[in-house]
Ligand code: ATP
Ligand code: RIB
């Protein structure tokens, strides 16, 4: 089994389902409210474990009921939480509005995630023993950078999802092997709207890039090669929350098993297409037996 460490966030998602998201200053009546375990880090950990990876999660939950539920969700999916800290105070929350098109808007309150400013005791040893390290940007940048540098020191494949989008220090990108932005994040990082051109620009800073393109699939490029586009299965999306995280989790498992990138992308797309057909983040992530190409 491929060994994966996720250094990232845990959030309880507070999800409102509504026909159309309210504009600023407007009040609308929603249809339903659910609390669903999420957070980009925890989502990637759950997705990778369900896809067949041997996964450990590093980060923090709060000392509250949400924290207990978040930890339980990880454990129930087979994720090792021995180094997941319990911080004083509340757990992270994500306040999500999902509309009838399946699109979402999200406000994240980091809370416990904000206490993870550096690696803790044992974290680097765990990373050193892994095949891959998954990073996102919902922890303080100092911790993400420390993780990436530890990954680089120990020759671990380091995969960064640059979300939520923000400008990145060159030293972080210098420690990343594979960058997986969505098309908006790629445009934000490069100032270039066209995904192929954005991927080209990103290759100046990282050796490999996969840009996810929503229903249009994903685009892969590496230094010295022509970009390859892999389509996504045609499905009806009801809630895309966690699609990118499912893609990255499954992609990392497939790459860890030695599959070539385009084959790994097709498998990851199959996993993500299952995720978008079901509501919620962790609740919608498929198990390996469900993922078919
Ligand atoms: P999110 O923020 O909603 O979790 P994202 O913006 O990070 O997702 P996307 O590019 O929207 O990432 O989607 C990631 C992957 O999920 C896509 O590459 C694709 O494989 C799959 N996917 C997303 N939306 C759809 C859809 N409507 N139909 C089929 N597959 C989809
Ligand atoms: O990527 C989806 C995740 O982003 C949600 O689960 C939410 O917690 C936000 O952090």
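In the working numbering, the protein residues as written are 583 to 875. Quick reminder that beta carbons are idealized off the backbone N, C-alpha and C, glycines included.
- Residue environment for residue 789: exposed (fewer than 16 other C-beta atoms within 10 angstroms of its C-beta).
- With 7 Å as the limit between CB and the heavy atoms of the ligand RIB, the residues that fall short of it are 591, 593, 595, 620, 621, 622, 625, 676, 678, 688, 690, 720, 745, 823, 824, 826, 827 and 863.
- With a 10 Å radius around the Cβ and a threshold of 16 neighbouring Cβ atoms, residue 648 comes out buried.
- According to the DSSP assignment, residue 677 belongs to the beta strand (DSSP E) that extends over 674-680.
- Counted as a single uninterrupted DSSP element, the alpha helix (DSSP H) harbouring residue 856 occupies residues 843-857.
- Counting every other CB atom within 10 Å of its CB across the protein chains shown gives residue 606 a total below 16, marking it as exposed.
- For residue 858, the distance from the CB to the nearest heavy atom of the ligand ATP is below 7 Å.
- Contact between residue 838 and residue 759 is absent: CB atoms are separated by about 13 Å, not below the 8 Å threshold.
- Per the coordinates, the alpha-carbon of residue 796 lies some 20 Å from the alpha-carbon of residue 804.
- Within 10 angstroms of the beta-carbon of residue 827 lie 16 or more other beta-carbons, which makes it buried.
- At a cut-off of 3 residues, the continuous stretches assigned as beta strand (DSSP E) that sit fully inside the stretch 724-762 are 739-742.
- For residue 777, the enclosing alpha helix (DSSP H) begins and ends at 777-784.
- For residue 872, there is no enclosing beta strand (DSSP E), as DSSP marks it with neither H nor E.
- Per DSSP, the unbroken alpha helix (DSSP H) holding residue 625 starts and ends at 622-632.
- Sixteen is the threshold: when 16 or more other Cβ atoms of the shown chains lie within 10 Å of the Cβ of residue 821, as they do, the residue is buried.
- Inter-residue distance for residue 715 and residue 600 is about 36 Å (C-alpha atoms, whole angstroms).
- Of all alpha-carbon atoms in 785, 749, 598 and 674, the one lying nearest the alpha-carbon of residue 806 is that of 785.
- Judged by DSSP secondary structure, residue 790 falls within the beta strand (DSSP E) whose first and last residues are 790-794.
- Contact check for residue 812 against residue 847 passes: the beta carbons are separated by less than 8 Å.
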